[in-house]
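Chemist: Starting off with a structure, shown below.
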Amino acid sequence: MSGQTGVQTEESYEAVIGLEVHVELSTQSKMFCGCRNEFGAQPNTLVCPVCLGMPGTLPVVNRRAVEFLCKTGLALGCTVAARSKFDRKNYFYPDMPKNYQISQYDMPLTTGGAVQLPSGRLVRLNRIHLEEDTGKNIHAGASMAASDHTLIDYNRAGVPLMEIVTEPDLSTPEQAEEYLGQLKIVLSYLGVSDVKMHEGSLRCDANVSIRLTGETRLGTKAEVKNMNSFRSVVRALHFEIERQQAAVRNGERIVQETRNWDETRGVTYSTRSKEQAHDYRYFPDPDLVPLTIEPSTIERWRLEMPELPLAKRARFVRDLGLSDYEAGILTEERSTADFFEAVAAAAKEPKQAANWMLGDVRRCLEKHSLTLASSPMKPQQLADLILSVTSGKVSGKVAKEICEVVVAEGADPLAVIEQRGLAQVTDAGAIKQIVADVLARNGDSVASYKSGKVKALEFLVGQVMKASRGKANIEIVRAMLLEQLG
Amino acid sequence: MADVPIDIEYVSRLARIELSTEEARRFSSQFSRLFEFIAELQALDVSQIDATAQVIPLRNVLRDDVVTLCLSREAALENAPDTEGPYFKTPRILD
Amino acid sequence: MKTGHEIADAIASKRLSALEAAEAALANAQSLEGELHAYIRLTPERARAQARAIDARLKQGERLGPLAGVPVAVKDIFCVSGEITTAGSKILENFRAPYSATVVRKLDEAGAVIIGKTNMDEFAMGSSCENSAFFKTRNPWDTTRVPGGSSGGSASTVGAGTVPIGLGTDTGGSIREPAAFCNIVGVKPTYGRVSRYGMIAFASSLDQAGPMTADVRDAAQTLAVIAGHDPMDSTSVDVPVDDYVSALRSDLRGTRVGIVTEFEEQIGRSDPALAALYKAAYADLQRLGAQLVDVALPHARYGLATYYLIAPAECSSNLARYDGARYGLRVEGDGDVYSMFERTRAAGFGDEVKRRIILGTYALSAGYYDAYYVRAQKIRTLIKRDFDEAFARCDVIACPAVSCPAFELGAKTQDPVAMYLMDYFTIPMSLAGVPALSVPAGYVSGLPVGLQIVAPAFEESRMLGVAHAYEQATRHAWAQTPRVAQRAGSAS
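Residue numbers (this note's numbering), protein chains in the order written: chain A, 250 to 735; chain B, 2 to 96; chain C, 2 to 493.
Put into structure tokens, the structure is as follows:
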């Protein structure tokens, strides 16, 4: 497209992208043994004979991992299999204690399903299956190539992993990012994973190919791995699509291979083709027995599921009168949505609750480098703050000031108002007196106003507020001034 | 003697066992008689038969999601041929 | 041969202390080791500690279980916490197990005193104990002959009378064949009856742990202790454990005993003395009141090929973990991890193990999986059906356990298939998952052979009941004494 000399640029290409996302499930224990499932522990302290693949050990399936995966499937419109089983995927690698991975091959727990992207595209899912995670290789030295040995931590070996595979329905890197975003929201809503890409609980591999626009057959795909953030995914996919386009325009064939994304250099590079690695010799794991899932179990899981993001978003708009934009942001995380609803219910003011949360609360959180989760503020406290404004107890300005200490320290707004004597003065008599005093002292402003200068009124309002040390109810002040000025 | 269809060099690489040429040749000829027996299996009609992956009719053997005692790191590393600090250590990985 | 129940009685009634029993067994084992080489490792400290603890509890007046203080030996395939556990292989020659197998824990809890880990064919692959990476165990009846395998060490030491009870494993006959060769009782339970947790895996869908004992009563007692559901083993079945000892019978009235047509043809083709011995055994069953019924196992003849596709396939995967990374032997390669794997496994595995891994890898590989592994599993279904149909017409099956008595060391090592044929009569039961045992049935040229009794799944009571009646009526095991035991004067 950039006009290379001598090369036809008539054709335009479209990209075809399929994503394989691995999600670490947030069960208490590992997939096949009772070791704690926890990120960031000291190396090799969350291991046992089973997950170390010691002689004589046997796996036993964690029922909650099965439940988490099936609930994910239900949330994404998948079909939960009536019969499912585990298979061994055989290959040698130092981070694999048994040199086979217990996974699922031809009878995954769910098939079908789809993810709706906010921009409109529907991304169909092929399957979701359950498997165990591997340990972690740490390469001594600057890179894998430079080190002469490998250090291995098996804490992660055996952690339950859910693999979500899409059909090749994505066509731009931005859609891929949207897809990941939607997945992240749904999974955190279900509470099945903490979906932190930077901690590895959400990992993404992509299958990328290009074809002439309008062509229906798929081109040769390359698998892209090692993208460690949403941003990496977008950058890597852009690079790979351009690489393939340039290659094809140059008359080269695309090789089916695995390519790693190099974040520093900003390129994908081919990893040596591992022909042999593809003969995984899948066979049903004889140490495990098949799963049969009754319709009644599926029903029970369905009933146990929380309200999902899109449904909650629609409800906020429909029943609480929020705008779609407001609802969208508030439902991005379940904890935020839950907090918001608690505030809205306690204050009976959903719109106000939304305004505060999206405005001043967000600002205060950012200022103090807090999140809603890490802030000590409780929903009732924000509700009290809102009510103190709507009831006229304090002015909006004062409430904004209190907000910070409520958010940062979890202070009780009513107590703060009391302690600092911030309550608005609404006593008409007191205000009348102050108004009279101010008018008396500011004759030229009065004259100015009477001669048509509206601004003078604001000056007088300011003077009254100053005289009352900001505590007078501003509406009452204005009304009284107008009354007294005639 | 039956033909032994195994590409022993390829298979031994899959199985990550270094075999000498002599071993490969010897094993190949030793498999020959066994493959005569195996060839008899091909004659049976099993088209209507389900494979028995397991002789026991168990289904849904699951454990509750509870944490149980792990090994101490010392115990985990005790048998390791090579370690470095808290890690297992192996020669480097060449892709 | 003193039985476990006799020793247990003596200990319970204070005629013998557990420590005395343990010391006697250890001393006997030591004195016979030069000839038998039955033990990879004796565990005297552990044994003494255990025995002392039993004696202390007895002194307190505690009433202990039926195995309390009885010295036992376990095949070195069972992990015993804190002890080196090798599975008969160089690749694990320095592996110290950090946990105990469930069956070991059960024996410990029952008060049995483990005196050592017995020799075996490497990773349970073999029928003679000649595939052990360490040394070859001898048959106590004739030390120029094999004790059978893969549980050869346990068979030899129990056969010699050193201990009344040994633990073995049976995948295609590895308890029954050596039991037959060494004149003892050997039981392969129903698949799923006994936990496999802590038992180093060979072929997951076939392996079972079982007792190898001086008599049927000891086998019944031991099975009662080790059987039962284990939450650590997904393939262990949650079916109540019968009181096997109370099921032991003295006659066989009302019992239909199936005689397998195909097997009788097969044994008829071997040594006539052996064929006659088995005929006499069936006649003995009849004399006890059993009704003999002809049954057919038409697909049993495919057992060998079926087994030698399924077992190697599973073992090729089960043994992949032995790579020198986390435990066991490591042999450095060319500086990268894959060549380390390849050299380690080349050095650490013996020929038979390598052969089976190659065969199994091939049977699972792309393009061959359906033709070999899946087909074998389908034929397995046919073999299982044969047994179901046979058991519709009989209560137990009686057949040979072996096609010959113990052969000489080296006699069958040239041709692996000659060795595989040793399991001809035992493989079909393993494929079908049904329980089967071998009980001493007499002697051919002075060498013992065993009669196999087979029952439907989870009918160990029935099987042990029949075996007991036969054993008590014929008492073959007590007719002669093994040469080794005679020389050592240790038949106690």
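C-beta atoms are modelled at their ideal positions from N, C-alpha and C, and glycine is treated no differently. Treat the numbers as computed from the prediction; the structure is a model and nothing was measured.
1. Look up M233 (chain C) in the DSSP assignment and give the residues it is bridged to.
2. If the criterion is Cβ atoms closer than 8 Å, does the pair L429 (chain A) and V482 (chain A) meet it?
3. DSSP on M606 (chain A), reduced to helix/strand/coil?
4. Let me know if T191 (chain C) comes out buried or exposed under the rule of 16 or more other beta-carbons within 10 Å of its beta-carbon.
5. Report yes if the CB atom of T103 (chain C) is closer than 8 Å to the CB atom of G154 (chain C), and no otherwise.
6. Strictly under 8 Å for the Cβ-Cβ distance: is G440 (chain A) near chain B by that measure?
7. Along chain C, which residues have their Cβ under 7 Å away from the Cβ of V62 (chain B)?
8. If the cut is a Cβ gap below 7 Å, which residues of chain B does L310 (chain C) touch?
9. Report the rounded CA-to-CA distance for K600 (chain A) versus T415 (chain A), giving the unit in angstroms.
10. From this set, C:L275, C:D143, C:T87, C:G160, which residue's C-alpha is nearest N29 (chain C)'s C-alpha?
11. Classify W479 (chain C): buried if its beta carbon has 16 or more other beta carbons within 10 angstroms, exposed otherwise.
12. Runs of 3 residues minimum, wholly inside the region 59-109 of chain C: which ones carry the beta strand (DSSP E) assignment?
13. Opposite Q629 (chain A) in the DSSP bridges: which residues?
14. Beta carbon of A96 (chain C), beta carbon of N61 (chain B): below 8 Å?
15. If you run the structure through DSSP and keep just helix, strand and coil, what is G5 (chain C)?
16. Please tell me whether G351 (chain C) and N132 (chain C) are closer than 8 Å, where the distance is taken between their beta carbons.
17. Quick check on Q49 (chain B): buried or exposed, where buried means 16 or more other Cβ atoms within 10 Å of its Cβ?
18. Does any residue of chain B have a CB that is nearer than 8 Å to the CB of D171 (chain C)?
19. By DSSP, does V238 (chain C) sit in helix, in strand, or in coil?
20. At a CB-CB cut-off below 9 Å, which residues of chain A make contact with R17 (chain B)?
21. Span of the alpha helix (DSSP H) holding N319 (chain C)?
22. Look up M341 (chain C) in the DSSP assignment and say whether it is helix, strand or coil.
23. Mark D244 (chain C) as exposed unless 16 or more other C-beta atoms lie within 10 angstroms of its C-beta, in which case mark it buried.
24. Quick one: which residues of the region 286-315 of chain C get their C-beta closer than 9 Å to a C-beta of chain B? List them in chain order.
25. By the DSSP assignment, the beta strand (DSSP E) with M476 (chain A) in it spans what residues?
26. Would you say V309 (chain A) reaches chain C, if we count a Cβ-Cβ gap shorter than 8 Å as a contact?
27. Could you list which residues in chain A have their beta carbon closer than 8 Å to that of G199 (chain C), in chain order?
28. Let me know the secondary structure DSSP gives Q525 (chain A) once reduced to three states.
29. P232 (chain C): which of C:G255, C:R194, C:M213 sits nearest, CA to CA?
30. Could you name the residues of the same chain whose beta carbon sits closer than 6 Å to that of A576 (chain A), not counting the 5 residues immediately before and after it, in chain order?
31. Taking just the CA atoms, how far does R322 (chain C) sit from R337 (chain A)?
32. Once the 5 residues before and after A215 (chain C) are set aside, which same chain residues still bring their CB inside 8 Å of it?
33. Tell me whether P535 (chain A) sits in a helix, a strand or coil according to DSSP, three-state version.
34. Taking a Cβ distance cut-off of 7 Å, strictly less, list which residues of the region 206-237 of chain C are near chain B, in chain order.
35. Taking the C-alpha atoms as reference points, what is the distance between F95 (chain B) and T399 (chain A)?
36. Give me the Cβ distance between L289 (chain C) and L253 (chain C), rounded to the nearest whole Å; I'm assuming they're in contact under 8 Å.
Modeler: Looking at the coordinates:
1. The count along the third sequence starts at 1 and reaches residue 233 (chain C) at position 232. According to DSSP, M233 (chain C) bridges with nothing at all.
2. Residue mapping note: residue 429 (chain A) aligns to position 180 of the first sequence, counting from 1. Residue mapping note: residue 482 (chain A) aligns to position 233 of the first sequence, counting from 1. In contact: L429 (chain A) and V482 (chain A) (Cβ atoms closer than 8 Å).
3. Counted from its first residue, the first sequence places residue 606 (chain A) at position 357. Of the three classes helix, strand and coil, the one that applies to M606 (chain A) here is helix, per DSSP.
4. Here residue 191 (chain C) refers to the residue found at position 190 when the third sequence is read from its first residue. By the neighbour-count rule (16 or more Cβ atoms within 10 Å), T191 (chain C) is buried.
5. As a first step, residue 103 (chain C) is located in the third sequence; it is residue number 102 there, counting from the start. As a first step, residue 154 (chain C) is located in the third sequence; it is residue number 153 there, counting from the start. For T103 (chain C) and G154 (chain C), no; Cβs fall outside 8 Å.
6. In the first sequence, counting from the first residue as 1, residue 440 (chain A) sits at position 191. False, the Cβ-Cβ gap to chain B never drops below 8 Å.
7. Translated into the one-based positions of the second sequence, residue 62 (chain B) becomes position 61. Correct list: S235.
8. Residue mapping note: residue 310 (chain C) aligns to position 309 of the third sequence, counting from 1. Within chain B, the residues near L310 (chain C) are I39.
9. Here residue 600 (chain A) refers to the residue found at position 351 of the first sequence. Here residue 415 (chain A) refers to the residue found at position 166 of the first sequence. So the two alpha carbons sit approximately 38 Å from each other.
10. In the third sequence, residue 29 (chain C) corresponds to position 28, counting from 1. Answer by Cα proximity: C:G160.
11. Mapped onto the third sequence, residue 479 (chain C) falls at position 478. When all chains shown are included, W479 (chain C) counts as exposed.
12. 72-76
13. In the first sequence, counting from the first residue as 1, residue 629 (chain A) sits at position 380. For Q629 (chain A), which the question treats as bridged, DSSP gives no partner whatsoever.
14. Within the third sequence, residue 96 (chain C) is the residue found at index 95, counting from 1. Within the second sequence, residue 61 (chain B) is the residue found at index 60, counting from 1. Here residue 96 (chain C) is Phe; the residue named in the question, Ala, does not match the sequence. Contact: no.
15. In the third sequence, counting from the first residue as 1, residue 5 (chain C) sits at position 4. Here G5 (chain C) sits in helix by DSSP.
16. On the third sequence, position 350 is the one that residue 351 (chain C) refers to. On the third sequence, position 131 is the one that residue 132 (chain C) refers to. Yes, the pair counts as a contact, with Cβ atoms nearer than the cut-off.
17. Locating residue 49 (chain B) in the second sequence gives position 48, where the first residue counts as 1. Its Cβ having fewer than 16 others within 10 Å, Q49 (chain B) is exposed.
18. Position 170 of the third sequence, counting from 1, holds the residue named residue 171 (chain C). So, not an interface residue.
19. In the third sequence, the residue the question calls residue 238 (chain C) occupies position 237. Three-state result, V238 (chain C): coil.
20. As a position in the second sequence, residue 17 (chain B) is number 16, starting the count at 1. Near R17 (chain B) (Cβ distances below 9 Å), the residues of chain A are F341, N348.
21. Taking the third sequence and counting its residues from 1, the one referred to as residue 319 (chain C) is at position 318. Its alpha helix (DSSP H) spans residues 304-319.
22. On the third sequence, residue 341 (chain C) is found 340 positions in, with the first residue counted as 1. Residue state, collapsed to three classes: helix.
23. Counting from 1 along the third sequence, the entry for residue 244 (chain C) is found at position 243. Exposed, by the Cβ-count rule.
24. H300, R302, Y303, L305, A306, T307, Y309, L310
25. As a first step, residue 476 (chain A) must be located in the first sequence, where it is residue number 227. Where M476 (chain A) is concerned, the enclosing beta strand (DSSP E) stretches over 471-476.
26. Within the first sequence, residue 309 (chain A) is the residue found at index 60, counting from 1. True, the Cβ-Cβ gap to chain C drops below 8 Å.
27. One-based indexing of the third sequence puts residue 199 (chain C) at position 198. Under the 8 Å cutoff, chain A gives G305, T306.
28. Start at 1 with the first residue of the first sequence, and residue 525 (chain A) comes out as number 276. Summary for Q525 (chain A): the model assigns pLDDT 44, below 50, so the residue's position carries little reliability; its value from the coordinates is reported in the next sentence. In this structure, Q525 (chain A) counts as helix in the three-state DSSP scheme.
29. Numbered from its first residue, the third sequence carries residue 232 (chain C) at position 231. When each option's Cα is compared against that of P232 (chain C), the closest is C:R194.
30. If you number the first sequence from 1, residue 576 (chain A) lands on position 327. The residues are R562, F565, V566.
31. If you number the first sequence from 1, residue 337 (chain A) lands on position 88. If you number the third sequence from 1, residue 322 (chain C) lands on position 321. If you take the alpha carbons of R337 (chain A) and R322 (chain C), they lie about 13 Å apart.
32. The residue you call residue 215 (chain C) lines up with position 214 of the third sequence. These residues qualify, in order along the chain: M2, K3, T4, G5, V159, G162, P165, I166, I185, V186, A478.
33. Translated into positions along the first sequence, residue 535 (chain A) becomes position 286. It is coil, neither helix nor strand.
34. S206, P232, S235, T236
35. Position 94 of the second sequence holds residue 95 (chain B). Position 150 of the first sequence holds residue 399 (chain A). Reading off the sequence shown, one finds Leu at residue 95 (chain B), where the question assumed Phe. Taking the straight line from one Cα to the other gives about 10 Å.
36. Position 288 of the third sequence, counted from the first residue, corresponds to residue 289 (chain C). Position 252 of the third sequence, counted from the first residue, corresponds to residue 253 (chain C). That belief holds up - the Cβ atoms of L289 (chain C) and L253 (chain C) are roughly 4 Å apart, short of 8 Å.
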